[in-house]
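J.: What follows is a single structure, and I will ask about it in a moment.
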Amino acid sequence: MEDETLSCGTGVTAAALVCWHNDNGFNEVEVNTSGGKLSVEYDKHNDEGFSNIWLCGPAEKVFEGSIDIEE
Numbered sequence: 047m048e049d050e051t052l053s054c055g056t057g058v059t060a061a062a063l064v065c066w067h068n069d070n071g072f073n074e075v076e077v078n079t080s081g082g083k084l085s086v087e088y089d090k091h092n093d094e095g096f097s098n099i100w101l102c103g104p105a106e107k108v109f110e111g112s113i114d115i116e117e
């Protein structure tokens, strides 16, 4: 059974990088999701891309498991 992902980190990060930037180089974008408030921080290098990308926010363990592998 699958359930809805309340905070997709990949999607939030991609949206933040696309929607918000300025000429100062370092940026921070806050995003409200169903799973909580997230913050994306990054360095933008003109038209050369991004580095030091950080996704910050609450985390909750939703699954734990183990697997035995026999050789």
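Quick note, the working numbering runs 46 ahead of the 1-based positions in the sequence shown.
By construction, the Cβ of each residue, glycine as well, lies at the ideal position given by its N, Cα and C atoms.
Between the beta-carbon of V77 and the beta-carbon of V58, is there less than 8 Å?
T.: Contact: yes.
J.: Measuring straight from C-alpha to C-alpha, what distance separates V86 and S97?
T.: Using only the alpha carbons, I get a separation of about 12 Å.
J.: Rounded to the nearest angstrom, what separates W100 and Y88 at their Cα positions?
T.: Computed Cα separation, rounded: 6 Å.
J.: How would you label K83, buried or exposed, when you count the other beta carbons within 10 angstroms and need 16 or more for buried?
T.: Per the 10 Å Cβ criterion, exposed.
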